[in-house]
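Comments concern the structure below.
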Amino acid sequence: MSESRETFFRQGSWMLTATFLGGVLMFAVHFFGGWMNRGEYGLFVTLLQVLNLIMIPALGLQTVFAQQTAAASSDDEQSNLAASIRKIFLICFIGWLTAGGVALLVESPILKALKAGDPLPIYLTILIGLPQLCLPMLLGILQGRQMFGWLGWAAIANGAGRFLAVGLLVAVFSWQAVGAVAGVLIGLTVSCILAGWHSRQVWAKSLALSGQFHADEWLRRIVPLTLGLGASQVMLSADMIAARNILSAADSGPYGAAGMFGRGLVIFTAPLAAVMFPKMVNALGDSKTTVLGQAIKGTILLGLLCCVGCSLAAWLLPDLSEKIESLAAKQKVISEIGALLPFFVWGMLPLALANVYVVALLAKEQYRGVPMLVAVAVVYAVALLWLAIKPEPPDQQTIVLTLGGFNLIYLGVANRLAKRLAS
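Just so we're aligned, residue 50 is where the sequence shown starts under this note's numbering, counting upward by one.
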């Protein structure tokens, strides 16, 4: 095995391990859903997907920061990078204040759409918006510097902080959705502090003083990246927000629980694309195709293992729960989750693969195909809106099948665009 290939798999293995540990801790948070009623748990899962959409502006920034950090080699480039990072942090802070103020002005319609009786979870979600915007940028710096060690520890810290905080606030203090959302805030804050500390040399004030911020250059990169990665984020998260509006508050709980496994598959396989990104930035000739091929093969393997494992679990768990006293009381909910789980994981597998192609395209600044990706996401959002306003609301499986169908279309478009990169 060549040194570069060995390094790729070593770094990829660490990122998979770290993301797996962080992901397990984040998923373990949903264990505390047993201390919440179905409606409150459904609200919590919906707000998590709202946060994913809030993060869309920062997704482009993470990728640009990774690109620029990986490419900055001279003293002037590093100074310009530091100045740009500080300026963009300020812009994001002002944007967060503005968006938060607007959300507070339209509080009543938001509460009605989300079927939320208490506004406090909404207030906390707005507050979470700031670290949610900052963290991807900090992670992008670590990714671009290929500091995969601390990049992985930041993921673990996010999961561990969230798990411990939610466990305390929900299971001990019975704070329901409020406690769960507050736990997310704590986990994100811990991760931000860790990532910010270990990336501080890149955006140090001493460097920024002699640097310049070229807004037009950053916008040229950020806009297509934000649109491209934002399209993937819509494909990942929009169904839960629609389901909360379409289904009853109680039914949104089991739907959200099954959906978290499907979304977890996408998140679990994402580290391979994260390791691939800075290598694609600097790849020349045939090496870019090799790196992309390695990431795709790894994603297929991991994705299939997850899908088969979840499908077997969905088949076996209802029968096992009858024999386990602690689960017998939740037999109905477990059966509802199990009925949806295979649809969700297989429906999300195409998105996991599509994201690898999308990241490869964006790493090489192949932006011409971004409008096609956005078009698929927009049509998907319109389809969900149509389902929401139908006189006869669709059932849960119809929503999931809509998700899976559009993810297949999204994969087809991303694959076709990636073939142009290889040619």
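We put the CB at the ideal spot given by N, CA and C, even for glycine. From a predicted model like this one, the values you see are computed outputs, not experimental measurements.
Proximal residues to residue i (C-beta, below 6 Å), its chain only, five neighbours per side dropped
i              : result
alanine 307    : Ile386, Leu389, Leu390, Phe393
alanine 229    : Phe93, Val215, Val219
leucine 341    : Ala409
glutamine 225  : Met85, Glu89
alanine 463    : Ala403, Tyr406, Val407
alanine 363    : Gly387, Leu390, Pro391
tryptophan 395 : Cys356
leucine 130    : Gln117, Ala121
leucine 460    : Pro399, Leu402, Ala403
Nearest-angstrom beta carbon gap, residue j and residue i [assumed within contact, 8 Å]
i              : j                 : result
alanine 67     : tryptophan 252    : Their Cβ separation, rounded to whole angstroms, is 23 Å, which puts alanine 67 and tryptophan 252 out of contact at 8 Å.
isoleucine 345 : leucine 402       : 7 Å
valine 408     : phenylalanine 326 : 6 Å
glutamine 181  : methionine 284    : Glutamine 181 to methionine 284, Cβ: 19 Å. No contact.
serine 286     : leucine 102       : 6 Å
leucine 410    : glycine 418       : 6 Å
isoleucine 448 : leucine 466       : In fact, because the Cβ distance is near 27 Å, the residues do not count as touching under 8 Å.
serine 248     : leucine 191       : 6 Å
leucine 280    : valine 423        : The sequence shown places alanine at residue 280, rather than the leucine named in the question. Rounded, the Cβ-Cβ distance is 5 Å, consistent with contact.
arginine 211   : leucine 74        : 7 Å
glycine 347    : leucine 314       : About 14 Å; that fails the 8 Å criterion.
glycine 61     : leucine 321       : 6 Å
arginine 87    : glycine 358       : Not really, about 26 Å apart at Cβ, beyond 8 Å.
leucine 243    : alanine 206       : 5 Å
leucine 433    : threonine 451     : 7 Å
Contact set for residue i: own chain, Cβ-Cβ below 8 Å, skip 5 residues either direction
i              : result
methionine 186 : Ala107, Leu110, Gln111, Phe114, Ile134, Ile137, Phe138, Cys141
tryptophan 37  : For residue 37 there is no data in the structure shown, the boundaries of the chain being 50 and 472.
glycine 178    : Leu100, Ile103, Trp145, Ala148, Gly149
glutamate 156  : Pro168, Ile171
Buried or exposed (CB count within 10 angstroms, at least 16 for buried), residue i
i              : result
isoleucine 143 : exposed
serine 255     : exposed
proline 399    : buried
glutamate 89   : buried
aspartate 288  : buried
tryptophan 246 : exposed
leucine 296    : buried
arginine 469   : exposed
leucine 259    : The amino acid at residue 259 is misidentified as leucine; the sequence shows serine. Under this definition serine 259 is an exposed residue.
methionine 50  : Here the model assigns methionine 50 a pLDDT of 45, short of 50, so the residue's position is not dependable, and the following value carries that caveat. Label assigned to methionine 50: exposed.
valine 425     : buried
leucine 65     : buried
Proximal residues to residue i (C-beta, below 7 Å), its chain only, five neighbours per side dropped
i                 : result
phenylalanine 262 : Ala132, Ser133, Lys136
proline 443       : Ile295, Leu436
tyrosine 304      : Ala292, Leu296, Leu389, Gln445
threonine 174     : Leu96, Val99, Leu100, Val230
methionine 309    : Phe76, His79, Val94
threonine 238     : Pro180
Closer than 7 Å: residue i CB and nearest the ligand FMN heavy atom
i           : result
leucine 268 : Because no ligand of any kind appears in the structure shown, any question about the ligand FMN cannot be addressed here.
Extract the residue ranges of the alpha helix (DSSP H) inside the segment 82-169, only unbroken runs of 4 or more that lie entirely within it.
87-103, 105-120, 124-154, 156-162
Could you tell me which whole alpha helix (DSSP H) segments of length 4 or greater appear in the segment 165-230?
169-193, 197-215
Quick one: which unbroken alpha helix (DSSP H) runs of 4-plus residues sit fully inside the segment 361-439? Chain order, please.
374-377, 380-412, 419-438
Taking only runs of the alpha helix (DSSP H) that begin and end inside the segment 298-358, which ones reach a length of at least 4 residues, in chain order?
301-331
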